[in-house]
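See structure below.
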Amino acid sequence: MISYYGAVPATLWPVKGSILKLSIIWLNNRQLKIMHETEAVGKAYDFVKFEKNKIICNSNDYLPKEVFGYVSKFGALNFGFETRDVRALSAINAKKRKIKAINQKSALLFLKEKINYKNNYNTKKDFLNRIISEKNYRLNTNKKLNSLGILPNENQWEVIKNIKSDTLKFY
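Residue numbering for the sequence shown follows the numbering used here, beginning at 483 and increasing consecutively.
Printed below as a string of structure tokens:
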């Protein structure tokens, strides 16, 4: 999926032994509703409850018994052809990273080539301009891209159902 502002969204992917920093925010109900809208719950992301002990807090900060977050509804982008090959976003620092990392520009170029838009739009800039400015083009492109997503073999979260959301009209 490509966002309405031209980015390839990142998602959490379980990798045993990898450590990364997550930001935790405390939201009231009104703020949570707004957050669901900005994350396009039901369209781009699912709101999930993580299994116990999957999110480990290594600071003195309080961590509640239940931790919630957002994960891509369509999974991680598969860079493999015959195999499952997910990539980390290189802008996110991680310790003991066990999978290859890729930057946003390379991910966009991969998608552009994968869905065969090179004949219509020769540059990444042209491709992005059309994604951003033409909603129907973006929606049709995302329909093709959703099939490139893969889900983890074992989810480490439970999708929270029945979230009422107007979801951004951009998607």
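All C-beta atoms in this analysis are idealised placements derived from N, C-alpha and C, irrespective of residue type, glycine included.
Note that the structure is predicted; figures quoted are calculated from it, not measured.
For residue 608, the secondary structure class from DSSP, reduced to helix, strand or coil, is helix. For residue 640, the uninterrupted beta strand (DSSP E) segment begins and ends at 639-641.
Residue 576 sits close to residue 502, with the two beta carbons spaced by under 7 Å. Fewer than three beta-carbon pairs drawn from the region 603-612 and the region 507-525 are found closer than 8 Å, and the two stretches are therefore not classed as touching.
The region 630-638 makes no contact with the region 512-520; the number of CB pairs closer than 8 Å stays below 3.
Under the DSSP definition of a beta bridge, residue 554 partners with 527. If only uninterrupted beta strand (DSSP E) runs of at least 3 residues are considered, none is enclosed by the region 566-601. Under DSSP, the beta-bridge partners assigned to residue 502 are 576. Residue 538 carries a coil assignment under DSSP once its states are collapsed to helix, strand and coil. Annotated as distal: residue 555 and residue 497, with beta-carbon spacing of 7 Å or more. Using a Cβ distance threshold of 7 Å, residue 548 and residue 531 count as a contacting pair.
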